[in-house]
Amino acid sequence: MARPQRAGTGVMIVEFGAFALILALVLSLAQTGLSVAGRVRHSVLLAGAGEGAALASFGVLALSFAALVYAFVVSDFSVANVAANSHSEKPVLYRVAAAWGSHEGSMLLWNIALTGFGAVLAGRGRDLPRDLKATAVAVQGLIGSVFLAYTVLASNPFVRLADAPVEGRSLNPLLQDPALAVHPPFLYAGYVGLSVVFSLGVAALVEGRIDAAWARWVRPWTLAAWSFLTVGITLGSYWAYYELGWGGWWFWDPVENASFMPWLVATALLHSAVVTEKRGALPGWTVFLALAAFSFSMLGAFLVRSGVLTSVHAFAVDPTRGVLLLAILLATAGSAFALFAWRAPSLAAGGVFAPISRESALVANNILLSAATLTVLLGTLFPLIREAVSGEAISVGTPYFNLTFTPLMAILCLLVPFGPLLAWKRGDLSPAFRALIVAMVLGVLAGLAALWLLTPRKAFASLGLALAVWLIVGALVEAAQRVRLFKAPLAESLRRMRGLPRGAWGATLAHAGLGVFVLGACFETAWKVEAAQTLAPGQSLRVGAWELVLEEVRKVDGPNYEAETARISARRDGREVCRLTPAQHFYPAGGETTSEVAICSVDVSHLYVVLGERREGAGGAPVWLVRGFWNPLAVLIFAGPGIMALGGLISLTDRRLRMAPGRRREVRT
Amino acid sequence: MRRAGLALAAALASAFCLAAASDPAERLPDPAQEARARVLFKEVRCMVCQNESIEDSQAELAVDLRRLVRERVAAGDDDLAVRRWLVERYGEFVMLRPAFSLANLVLWLAPVAAVLVGGLALAARVRSVGEAPDLLTPEESARLAQLVRAGDGHDPAFKSSPDDPKA
C-alpha cells in the first residue's frame, strides 16, 4: 500500500483519470455548442443534447476526481501531485483530503462543483423557459470549459514523474485536521454555486428577460450557494481559532477577505432578488449583483493562488498561473459586465415605492452591504494599488476594518429588524416601532447593563451587545407578529405557524443568527481574559475567575512525534470544573513543533489553554509557560453563522421555490 | 480558501506554539503601561511575518519590536509619539492602520462615498412617489396582467401581501 505502484491497476486508474478530465472538457464544450444551437434553432432536441452533455461532463469529471483520490489513498508517488502533497504515514482521511489540498487538486474540486451545479441546472431546471434555460446551460458550459481547459493545460493533477520518489514530501501536521478536510468542499460549493446565478444573469440579459419569475429562479441557487459559503467560512474561522493558539478567529487577512466578499455580495443579492421577485423592481441592480457575486468568487480564486498578496493562509502560490487566472477573471467578468452595460439601459425600472417601505429597507440593506464589500475590496487591494502607483508600501489591517466595516454593519444591524415589519410599496413606521418596542427596551437595557456591570467598561462593545439583543428579540418579535402570538387565540397562532412559508422562517432564523453572532463576537472580543505565567507542577495561574493548576507534565510519544502533555485542573470558586490536557508535539521529521490547544466549553463560553515552551525555573527545575484564555460566549461566534446557514437551508425548502408554475395548482389546498 | 494553507503551516509552525505578547518575561512592571503597550501591539505589523501584528507573532523581529515599543511606553512617550517613532524608523508599512493622508484618501472615504451615492440613488428613486396615488399605474397594470398570465393566476407569491399565512 505504502509504496508507489509501478504497474497494474494503479497505472491504469491514474491514466484513466487524466483521460476523463480531458473528456469532461470536451463534453463541456459540447454542452456549450449544443445549447447554443438549441437556442438559436429553437430545437428541443439540440438543447436536450446540451443538457445531456452537462450531466455527462459532471459524471466523467467525478470519475476523474475519484481517480485522483485513489492515487492519494494508495500513495502513488509516481504522480507528481501526490508526491508533493502526501505522505504514506498520513492517516487515510488526510490522504483523501490532500487530494484537494494543492493548487491542482483544488482546481479539480472547483471544476467538480462547477460541472456539478451545471448538471443540476440542466437536470432540474424544468420550470425555466426553454430559451432562457438553453442560454444559461450554454453559459455554464462556457465557464466550465474555460476552467477545465485551465486545469488540463496549466494545472493538471495527473502529471507523472519519470522517477517516482519512495516517499511523499508533505506530512504537515497542522493540516491534518478534520475541519480542514471539510472546509474546502463547503467553501467551493459556495463559491461555485454562484456560477449558476451568474449564468442565469447572463442568460436573462441575452434574452432580455429580467422579471419577477427570473428573480425567483435565481433565488434557490443564491440561497444554496450562500448557505454553503456561510458554513465554509465558519469552518475555516473555527479551524483558525483552535489551531492558531491565540484564540483569534478573524484576522482580516486577504485570503479571508477573498472568501468574505462573495458572501457579502450574495447576501445583498438574496435581499435585492426579493424586491425583484415581489415587486418587479430593481431588475438591473439584481442582475448586476448576480454577475458580481461569481466575479468576486473568481477574484478570490485569483488572489489566493497568484501570490499578489501576502497572507497568513497563502498556499500553492504560483505567479505564472496567477496571470492565467487573472486573464480568465477579466475575460469572464469583463464580457458579462460589458453585456450588462449594453443591455441594462433597456430594462424597465419597475414598481415605485415610498421612502418608508419594505423596498426601501431592502435597498438600504443593499447600499450598506455594497459599501461594506467595497471597503473590504479596497482594504485588500489598496496596498497593491499604492505600491504600484507610488512605490510606497503600506499596510491595511484590522484597525482599518474596525473603523470602516464595523460601523457600516452596525447601521445595518440597527435597520434589520425594521425591514420585515414594513409593508411593501408604502409602509408605516409607527406600527413597526410599536411592535419592536420590546426589542428596543431589552436592547438598551442589555447595553446599559453591560456598561455598568462588566469590567473593564467598554462603550462600543456594550453598544454591540445592545444591537445583538435588538437583532435577536427583533427577529423573534417579527415571527410572533406573523403568527399573531398573544393577539389571537393560541390555536390560531399555531395554525398560522404551520401555514407560514418556510422562507419567512428562514429569514427570521438568519436575522436571529446574525444577532447571536454579534453577541458572541462583541462579548468575546471585549471581555476575553488572558493570562500567562511560567508554572512548575503544583503551581497555578489565575485567569479571571478561574484557577488553572498545573498538575504534571508528561512525555508521551506519538506515532511520529514526541509530545509533552500537561494535565491541568481548572477550578472556579475552589471547585474543579474541567480537566484540560494541552500539549506540545514535536515532529522530528520536519523539525516542527505544534501546540495542541485544550478547550473546555463552559455553557457557551470557552476556557482555552495552551501549553508553551519549557524553561529553566528557580534552581534548575523545569517550568512551563502556560497561557489561559477565558473567551466568554465564544461558542456563539460559530453558532450564529450556523443558525444563519440553517435559515438559508430552511428557506431553500420553501414550496414556492420548488414548484414549477405548471405544478403549482396541485399544492393549493 | 484559507484552507489549503499549505504554506501557512510551514511559515507559522513555530509561531503557532505560543501567543506571544503576554509572555511574562517581556512584561512591563507597571500594569497601566503594559496595557497601553498591548493596545499598541495590535496596530503594529510584524514585518517579516505574512500578515500578523506583533501582538500575535513569536518571530524574533516581533519580540524585538515589542521590546522597543515597551521601552518607548516605559520612557513616557504617549501613543501618538510611539506611533510616530515607529513610522519614522520603519516606514508606513509598519502600521496596520493606514495613515489618514492624501495618498490614502480613497481608502478612507470610499465607504462613506459609497453610502452617500447609494443614498442619493435611493432618494431619487422614491422622491416622486409622494404624489403617486396608491392605484396601479398603467405600466403596473400591464405588468400585473403579464404576471398573471405567466403564473397561471395561481401563484401565491404574487398576492398583494405575499408573506401572510395562507388562510
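The listed protein sequences derive, respectively, from chains X and E.
Those letters in the first sequence? Residues 611 to 1279, per my numbering, in order.
Those letters in the second sequence? Residues 2 to 168, per my numbering, in order.
Just so you know, even glycine gets a beta-carbon here, dropped at the ideal spot from N, CA and C.
Are X/I1247 and X/G1130 closer than 8 angstroms when you measure CB to CB?
yes
In three-state DSSP terms, what is X/C1132?
helix
Kindly indicate which three-state DSSP category X/H881 falls into: helix, strand or coil?
helix
Mind pulling the chain X residues with CB within less than 8 angstroms of E/E89?
Within 8 angstroms Cβ-Cβ: nothing; E/E89 doesn't reach chain X, min ~15 angstroms.
Spatial neighbours of X/G1272 in its chain, beta-carbon cut-off 8 angstroms, leaving aside the 5 residues before and after:
Because the pLDDT at X/G1272 is just 39, under 50, the model does not fix this residue reliably, and the point stays unresolved.
Just the C-alpha distance for X/W859 and X/Y851, rounded to the nearest angstrom, thanks.
5 angstroms
Closest by CA to X/S716, which one among X/G855, X/F912, X/A1173?
X/F912
Which residues bound the beta strand (DSSP E) around X/H697?
That residue, X/H697, is in no beta strand (DSSP E); it is neither H nor E in DSSP.
Check whether the Cβ of X/V973 lies closer than 8 angstroms to any Cβ atom in chain E.
yes
Taking the alpha helix (DSSP H) that X/V962 falls in, what are its first and last residues?
Note, X/V962: premise wrong, no alpha helix (DSSP H); not H, not E.
Is the beta carbon of X/A813 closer than 8 angstroms to that of X/I820?
no
In the DSSP assignment, find the unbroken beta strand (DSSP E) run with X/K1138 in it and report its ends.
Taken as a continuous stretch (DSSP letters only), X/K1138 belongs to no beta strand (DSSP E), as it is neither H nor E.
Can you find a CB in chain E that lies within less than 8 angstroms of the CB of X/S1103?
no
Three-state secondary structure (DSSP) at E/E56?
coil
Alpha-carbon to alpha-carbon, X/A1076 and X/A1056
5 angstroms
What are the start and end residues of the alpha helix (DSSP H) that includes X/F838?
822-853
According to DSSP, is X/P1099 helix, strand or coil?
coil
Give the DSSP-derived three-state secondary structure of E/C47 in the structure shown.
coil
For the beta strand (DSSP E) that contains X/F1239, what are its first and last residues?
1232-1241
Given that X/T1008 touches chain E, what residues does it touch there, using C-beta distances under 8 angstroms?
K43, S54, L97
Quick one: give me the first and last residue of the beta strand (DSSP E) that X/S967 is part of.
X/S967 -> no beta strand (DSSP E), and no H or E assigned at all.
Using the three-state DSSP reduction, which class does E/A133 fall into: helix, strand or coil?
Residue confidence for E/A133 is low, a pLDDT of 47 falling below 50, so the modelled location carries little weight; the figure read from the coordinates is stated next. Correct three-state label for E/A133: coil.
For E/R84, the first and last residue of its enclosing beta strand (DSSP E)
Unbroken run through E/R84 is the alpha helix (DSSP H), 80-91; no beta strand (DSSP E).
Which bits of chain E does X/S970 rub up against, with CB to CB less than 9 angstroms?
L123, R126, V127
Determine the chain E residues that contact X/I977 at a beta-carbon separation under 7 angstroms, and present them in chain order.
V116, G119, G120, L123
Taking C-alpha atoms, which residue in X/T745, X/R770, X/G846 lies nearest to X/H793?
X/G846
Assign X/L1058 to buried or exposed, taking buried as 16 or more other Cβ atoms, counted over all protein chains shown, within 10 Å of its Cβ.
exposed
Buried or exposed (CB count within 10 angstroms, at least 16 for buried), X/D1183:
exposed
Of the choices X/G1029, X/L1095, X/L742, X/T1135, whose alpha-carbon is the least far from that of X/A823?
X/L742
When the Cα atoms are used, what is the spatial distance from X/G566 to X/G1201?
Residue 566 of chain X is absent from the structure shown; chain X starts at 611 and stops at 1279.
Starting from the beta carbon of X/F947, find every residue of chain E whose beta carbon is closer than 8 angstroms, and list them in chain order.
Those do not exist, as X/F947 stays about 18 angstroms from chain E at its closest Cβ, beyond 8 angstroms.
If the criterion is Cβ atoms closer than 8 angstroms, does the pair X/A690 and X/L771 meet it?
yes
Under 9 angstroms from the C-beta of X/P1198: neighbouring residues of chain E:
Residues of chain E passing the Cβ test: none, with the nearest at roughly 13 angstroms.
Using 10 angstroms around the beta-carbon of E/G154, count the other beta-carbons present and answer buried if the total reaches 16, otherwise exposed.
Model confidence at E/G154 stands at a pLDDT of 42, short of 50, so the residue's coordinates are unreliable; what they give is reported in the following sentence. So E/G154 ends up on the exposed side.
Could you please tell me which residues of the region 984-1018 of chain X, in chain order, have their CB closer than 7 angstroms to any CB of chain E?
L984, T985, L988, F992, R996, S1000, E1002, A1003, I1004, S1005, V1006, G1007, T1008, P1009, Y1010, T1014, L1018
Taking the beta strand (DSSP E) that X/W860 belongs to, which residues open and close that run?
Looking at the DSSP string, X/W860 is not in any beta strand (DSSP E), and its letter there is neither H nor E.
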